[in-house]
Each structure stands twice: as structure tokens, then as C-alpha cells.
Amino acid sequence: AQSVSQHNHHVILSEAASLELGCNYSYGGTVNLFWYVQYPGQHLQLLLKYFSGDPLVKGIKGFEAEFIKSKFSFNLRKPSVQWSDTAEYFCAVNAVLTDSWGKLQFGAGTQVVVTP
Amino acid sequence: EPEVTQTPSHQVTQMGQEVILRCVPISNHLYFYWYRQILGQKVEFLVSFYNNEISEKSEIFDDQFSVERPDGSNFTLKIRSTKLEDSAMYFCASILRRDSYTGELFFGEGSRLTVL
Chain A
1 AQSVSQHNHH
11 VILSEAASLE
21 LGCNYSYGGT
31 VNLFWYVQYP
41 GQHLQLLLKY
51 FSGDPLVKGI
61 KGFEAEFIKS
71 KFSFNLRKPS
81 VQWSDTAEYF
91 CAVNAVLTDS
101 WGKLQFGAGT
111 QVVVTP
Chain B
117 EPEVTQTPSH
127 QVTQMGQEVI
137 LRCVPISNHL
147 YFYWYRQILG
157 QKVEFLVSFY
167 NNEISEKSEI
177 FDDQFSVERP
187 DGSNFTLKIR
197 STKLEDSAMY
207 FCASILRRDS
217 YTGELFFGEG
227 SRLTVL
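Heads up: the protein sequence lines correspond to chains A and B, in order. Taking my numbering, I'd label the letters of the first sequence as residues 1 to 116. Taking my numbering, I'd label the letters of the second sequence as residues 117 to 232.
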């Protein structure tokens, strides 16, 4: 069965620091990849997605992610975080041949706390 | 911005009771989903629904669970006889169409179910 791993469960960093959150998946076929964010008390929101094409995708709020097929990875980055980036971040994968559209396998999430 | 709304935000129930969680997907969306997240665990796919029938369901979605769209706007998840292990946050989501341009999953804020 496919799985999605997020390397860090909890990250604490200061404002203006750079952020990188790791995500690896186990499925060998074609995948659609997503990063979602959940701010405290709010719903899951799409940060960015990758379906095909340029493996470096830019999302909202200054986030970007790079798909490295050979490493089965889709790491999320932001060069300079703000206090408002405090949230939980989820990596998710849709395995194109086996999962129907909208059926996502989620990672366990990474809680990011940005201190002033 | 259109959004998926869910009610109730929190429900406490006794084991063995029936529970109905309600969702109003975005009005022109065609595909509907339920996910759940047990505390401390991953967000898991439960079921997808299209054209008034279930398109896919996970192993979790056993005979105790059912979904329906009774009136063209609400999308409900019913748990017939709740167990302690059904305690979780339940997320509803919807998609306009299944393509890379409009196939973004929009999530609701979740309904927290606590079974005592």
C-alpha cells in the first residue's frame, strides 16, 4: 500500500528563518502531489499542487515545493517565515492509476510554530 | 470565497447512538468526500460520492457508515451505532470536476465527534 511520510512532526523556528518540510511517498507510478495547510481553528487549505510539468511549483503565501521523482519526494519550502505561518502542514498524494481523483493519502502532518 | 460548511462543529454522543454529520458543499461542485482524522493520526479517506451514489469507499467505511445527498445541497454522513473508536474529526470536501484545473479539493472546517 502507498504511504506518505513527513519527516518532522514538530518544527519551531523564528520569524525570518527559512523553512523546509520533507515529504516522501512510496508509490512508484504517476502521482499528483499536494501540500495543505491548516491554521488553528480553520479548514484544510491548499497551498500548492503538482500534476505535471515543471517540478518546482509555487503556491500561495510565498511557499514552493520541488518534486524529485527519483527520490519520491515533494519537499515544501519558504525562504522567510512569518508568525502567521504557524499552522499544521500536510503533504498528500493521489496515485493516479490506483486512487480515484480526490482520494488522497495524507502524511501525518508537521506542526510548525513560528516565534516572534 | 465559496466554502464548504459543516455542522455541527462538535458533537458528543454516547456509544451505540446514531450520529448524522452534515455538510453543504460548494454549490456547483459535483464530487463529494468524507475524510476523518483520529486524534494524533493521519487524515484518512472514507468515501467519495458522485451522481447520488458512492464511487469509492475505504475499508474504514463499513456497514455502520452511510452517506446521502437528500436534497441536492446537503451531504450527510451517518454513523448508525457509534463506537468509541469513531471519535475523530470528520472533514467533508468537494471538487468541481476531476481535472487538474478545477480538481482542487475544498475542505470544510470539520466536525469533531466525541463518543463516550
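Even glycine gets a Cβ: it sits at the ideal position worked out from N, Cα and C.
Can you pull the DSSP bridge partners for residue i?
i        : result
A/Asn94  : A/Asn32
B/Ile136 : B/Lys194
A/Asn24  : A/Ser5, A/Ser73
A/Val37  : A/Gln45, A/Tyr89
B/Glu220 : Paired residue(s): none; B/Glu220 is not in a bridge.
A/Gln82  : In the DSSP output, where bridge partners are listed per residue, A/Gln82 has none listed.
A/Ser192 : Because chain A here runs from 1 to 116, residue 192 of chain A falls outside it and cannot be looked at.
B/Ser143 : According to DSSP, which records beta bridges pairwise, B/Ser143 is partnered with nothing at all.
B/His169 : Note on residue identity: the sequence assigns Glu, not His, to residue 169 of chain B. Answer is B/Tyr166, bridged to B/Glu169.
B/Glu184 : B/Thr192
Beta strand (DSSP E) containing residue i: first to last residue?
i        : result
B/Phe207 : 204 to 211
B/Phe177 : Note, B/Phe177: premise wrong, no beta strand (DSSP E); not H, not E.
A/Ala65  : 64 to 68
A/Asn75  : 73 to 78
B/Arg228 : 227 to 231
B/Thr129 : 126 to 129
A/Ile12  : 10 to 14
B/Tyr149 : 147 to 153
B/Val163 : 159 to 166
A/Lys58  : 56 to 58
A/Val113 : 110 to 115
B/Leu122 : According to the sequence as given, residue 122 of chain B is Gln; it is not Leu. Here the beta strand (DSSP E) through B/Gln122 covers 121 to 123.
With a cut-off of 8 Å on the beta carbons, I'd call residue i and residue j a contact; round off their distance for me.
i        : j        : result
A/Tyr50  : A/Phe67  : 5 Å
B/Asn144 : B/Leu212 : 6 Å
B/Gly132 : B/Thr198 : 7 Å
A/Gln105 : A/Val4   : 5 Å
B/Val163 : B/Ile170 : 6 Å
B/Gln122 : B/Gly224 : 4 Å
A/Asn32  : A/Leu21  : Incorrect: roughly 18 Å between the Cβ atoms, too far for contact.
B/Val120 : B/Cys208 : 6 Å
With burial defined as no fewer than 16 other Cβ atoms inside 10 Å of the residue's Cβ, what is the status of residue i: buried or exposed?
i        : result
A/Ala16  : exposed
A/Thr110 : buried
A/Lys58  : exposed
A/Gln82  : exposed
B/Arg196 : exposed
A/Ser84  : exposed
A/Asp54  : exposed
B/Ser227 : buried
B/Arg214 : exposed
B/His126 : exposed
A/Lys69  : exposed
B/Tyr151 : buried
A/Val113 : exposed
Residue i CB to nearest chain C CB: under 8 Å?
i        : result
B/Val159 : In the displayed structure, chain C is absent; the protein chains listed are A and B.
Quick one: does the C-beta of residue i sit closer than 7 Å to a heavy atom of the ligand NAP?
i      : result
A/Ser5 : In the structure on display, the ligand NAP does not appear, and there are no ligands present to speak of.
- Task: Below 7 Å between beta carbons is the criterion; list the residues of the segment 165 to 199 of chain B that meet it against any residue of chain A, in chain order.
- Result: Ser171, Glu172
- Task: Could you name the residues of the segment 119 to 136 of chain B whose beta carbon sits closer than 9 Å to any beta carbon of chain A, in the order they occur along the chain?
- Result: Glu119, Val120, Gln122
- Query: Residues in the segment 27 to 48 of chain A with C-beta within 9 Å of chain B's C-beta atoms, listed in sequence order?
  - Reply: Asn32, Phe34, Tyr36, Gln38, Gly41, Gln42, His43, Leu44, Gln45, Leu46
- Where the segment 98 to 115 of chain A meets chain B: residues whose CB sits under 8 Å from a CB there: Ser100, Trp101, Gly102, Lys103, Leu104, Gln105, Phe106, Gly107, Ala108, Gly109
- Just by C-beta distance, which residues in the segment 79 to 90 of chain A are closer than 7 Å to chain B? Phe90
- Item | Residues in the segment 219 to 231 of chain B having any Cβ partner in chain A nearer than 9 Å | Gly219, Glu220, Leu221, Phe222, Phe223, Gly224, Glu225, Gly226
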